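Undergrad:
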Amino acid sequence: MLWSITTPIFPGKSWQNSDTQTGQSRLRQFETYMLKGSSPVSYWDIIAENQIKDAIQKGDFENLKNAGRPLASKNDEMAGENWLANHILEQNDELPDWLSLRLDITRQREVAKKFRDEAVARLNELPNRLWPTDARLRRLIELYGKNVKKLNLLIDEHNHRCPSIQHELVRMREDAIDRKREIIRRERALAFTRDSTVEPDR
Numbered sequence: 052m053l054w055s056i057t058t059p060i061f062p063g064k065s066w067q068n069s070d071t072q073t074g075q076s077r078l079r080q081f082e083t084y085m086l087k088g089s090s091p092v093s094y095w096d097i098i099a100e101n102q103i104k105d106a107i108q109k110g111d112f113e114n115l116k117n118a119g120r121p122l123a124s125k126n127d128e129m130a131g132e133n134w135l136a137n138h139i140l141e142q143n144d145e146l147p148d149w150l151s152l153r154l155d156i157t158r159q160r161e162v163a164k165k166f167r168d169e170a171v172a173r174l175n176e177l178p179n180r181l182w183p184t185d186a187r188l189r190r191l192i193e194l195y196g197k198n199v200k201k202l203n204l205l206i207d208e209h210n211h212r213c214p215s216i217q218h219e220l221v222r223m224r225e226d227a228i229d230r231k232r233e234i235i236r237r238e239r240a241l242a243f244t245r246d247s248t249v250e251p252d253r
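212 is the number that this note's numbering gives to position 161 of the sequence shown; each next residue is one higher, with no gaps.
1. How many Å lie between Lys-197 and His-209 at the Cα?
2. On a CA-only basis, which of Trp-149, Arg-167, Leu-115 is nearest Cys-213? Give me that one, please.
3. Which of helix, strand or coil does DSSP assign to Lys-109?
4. Among Val-199, Arg-245, Arg-239, whose alpha-carbon lies nearest the alpha-carbon of Arg-158?
5. Three-state secondary structure (DSSP) at Ser-151?
6. Helix, strand or coil for Arg-237? Go by DSSP, reduced to three states.
7. Would you report the Cα separation of Ile-228 and Arg-167, rounded to the nearest angstrom?
8. Helix or strand or just coil, what does DSSP make of Phe-243?
9. Among the candidates Ile-107, Leu-146, Glu-113, Arg-232, whose CA atom is the shortest distance from the CA of Glu-176?
10. Helix, strand or coil for Glu-194 per DSSP?
11. Quick check on Arg-224: does DSSP put it in helix, strand or coil?
12. Specify the secondary structure class of Leu-146 as computed by DSSP and reduced to three states.
13. Taking a contact to mean a Cβ-Cβ separation below 8 Å, would you say Ala-170 touches Leu-191 in this structure?
14. By the 10 Å Cβ neighbour count, where 16 or more other Cβ atoms means buried, how is Arg-187 classified, buried or exposed?
15. Are the beta-carbon atoms of Arg-224 and Ile-206 separated by less than 8 Å?
16. Taking DSSP as the reference, what is the three-state secondary structure of Asn-114?
17. For Arg-173, count the other beta carbons within 10 Å of its own beta carbon; 16 or more makes it buried, fewer makes it exposed. Which is it?
18. Could you check the C-alpha separation between Phe-243 and Arg-237 for me, to the nearest Å?
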């Protein structure tokens with residue numbers, strides 16, 4: 052079965068264009084091509100390539116705006132093999148799911164840091180002996196732990212979805228406050244050994 056071709060090759064042009072003889076010649080070429088069992092897609096590739104070559108010879112691609120300049124990229128993280136899909140999403144005010152996750156991670160990380168910093172400040176304010184019983188300190192440590200667990204789950208999901216290892220994010224330490232508490236304890240003990248007149252803060 053031979054195909055009747057009326058579909059435009061490029062906008063504004065059709066197989067049966069104003070040049071009837073050229074259109075009929077192309078149709079015969081296509082029919083011969085199909086009778087050989089070749090793919091119609093391959094024929095389209097040939098026609099498109101010929102059209103581009105003709106346009107180059109005519110100088111249609113000369114003196115174009117921004118010719119020879121690199122394409123502007125608003126976000127390098129959206130470049131690469133997924134650029135076209137990301138560009139379409141951007142034009143429709145959407146982001147790839149992994150970039151949306153990154154925004155959530157940034158916000159969640161700031162919340163976790165706030166609880167961590169407040170807990171560390173509280174550790175510095177209190178003597179060592181009051182650390183286990185101070186209600187505010189215990190609450191801050193609890194809030195930090197919950198937020199970091201939630202944050203790290205988001206980071207794991209982000210790293211699974213992001214296009215390359217270069218875009219992966221580092222998980223936040225769940226033991227950050229415990230580590231800082233131990234540092235403060237050692238610093239206070241060291242200060243006591245340096246100056247025996249200072250009573251250790253126990």
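All C-beta atoms, glycine included, are put in the ideal place defined by N, C-alpha and C.
Source: prediction; values computed, not measured.
TA: Straight from the coordinates:
1. Start at 1 with the first residue of the sequence shown, and residue 197 comes out as number 146. Start at 1 with the first residue of the sequence shown, and residue 209 comes out as number 158. Between the C-alpha atoms of Lys-197 and His-209 there is a straight-line separation of about 19 Å.
2. Translated into positions along the sequence shown, residue 213 becomes position 162. Answer by Cα proximity: Trp-149.
3. Locating residue 109 in the sequence shown gives position 58, counting from the first residue. Note: Lys-109 maps to helix in three-state DSSP.
4. What you label residue 158 is simply residue 107 of the sequence shown in a count that begins at 1. Comparing Cα positions, the closest option is Val-199.
5. On the sequence shown, position 100 is the one that residue 151 refers to. Helix at Ser-151.
6. Residue mapping note: residue 237 aligns to position 186 of the sequence shown, counting from 1. In the three-state reduction of the DSSP assignment, Arg-237 falls in the helix class.
7. Looking up residue 228 in the sequence shown gives position 177. Looking up residue 167 in the sequence shown gives position 116. In a straight line, the C-alpha of Ile-228 is about 6 Å away from that of Arg-167.
8. In the sequence shown, the residue the question calls residue 243 occupies position 192. Of the three classes helix, strand and coil, the one that applies to Phe-243 here is helix, per DSSP.
9. Position 125 of the sequence shown holds residue 176. Measuring from the Cα of Glu-176, the nearest candidate turns out to be Arg-232.
10. The count along the sequence shown starts at 1 and reaches residue 194 at position 143. Correcting the residue identity first, residue 194 is Leu in this sequence and not Glu. In the structure shown, Leu-194 sits in a helix (DSSP, three-state: H, G or I).
11. To locate residue 224, count along the sequence shown from 1; it is residue 173. Here Arg-224 sits in coil by DSSP.
12. Taking the sequence shown and counting its residues from 1, one reaches residue 146 at position 95. In the structure shown, Leu-146 sits in coil (DSSP, three-state: anything other than H, G, I, E or B).
13. Position 119 of the sequence shown, counting from 1, holds the residue named residue 170. Position 140 of the sequence shown, counting from 1, holds the residue named residue 191. For Ala-170 and Leu-191, yes; Cβs fall inside 8 Å.
14. The count along the sequence shown starts at 1 and reaches residue 187 at position 136. Arg-187 should be labelled exposed.
15. In the sequence shown, counting from the first residue as 1, residue 224 sits at position 173. In the sequence shown, counting from the first residue as 1, residue 206 sits at position 155. No; because the gap between Cβ atoms is not below 8 Å, this pair is not in contact.
16. For the purposes of this step, residue 114 is taken as the residue at position 63 of the sequence shown. Correct three-state label for Asn-114: coil.
17. Residue 173 sits at position 122 when you count from the first residue of the sequence shown. It is buried - the Cβ of Arg-173 has at least 16 other Cβ atoms within 10 Å.
18. On the sequence shown, position 192 is the one that residue 243 refers to. On the sequence shown, position 186 is the one that residue 237 refers to. Approximately 10 Å, taken between the alpha carbons.
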